[in-house]
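> In terms of the numbering used here, the sequence shown opens at residue 1088 and continues consecutively.
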Amino acid sequence: MELENDDSSEVPEGAPTPEEIRQACEEIQQEWTPREREKRNGYKVPPVTFNPGCLAEH
């Protein structure tokens, strides 16, 4: 089976290079507070539930 060439890999004229994108991201991230960086790092703490009855049993 042969795939057709649809030219979807062409980069539009004036599009930023990967290096330009990386530099722009770094500039934006320099303005982030530690809290903002923490919120954006992708790590999610699992929810913690507290059952008060659990402590009364021990």
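All C-beta atoms, glycine included, are put in the ideal place defined by N, C-alpha and C.
DSSP three-state label for alanine 1102, please.
Three-state result, alanine 1102: coil.
> Nearest CA to the CA of asparagine 1029: which residue from Pro1105, Gln1116, Glu1097?
Since the displayed the chain opens at 1088 and closes at 1145, residue 1029 lies outside it and no answer follows.
> Measure the C-alpha to C-alpha separation of tyrosine 1130 and cysteine 1141 and round it to an integer number of angstroms.
If I take the Cα positions, the gap works out to 29 Å.
> Look at the Cβ atom of alanine 1111, then the Cβ atom of proline 1099, and state whether they are nearer than 9 Å.
Their beta carbons are not under 9 Å apart, which means alanine 1111 does not touch proline 1099 by this criterion.
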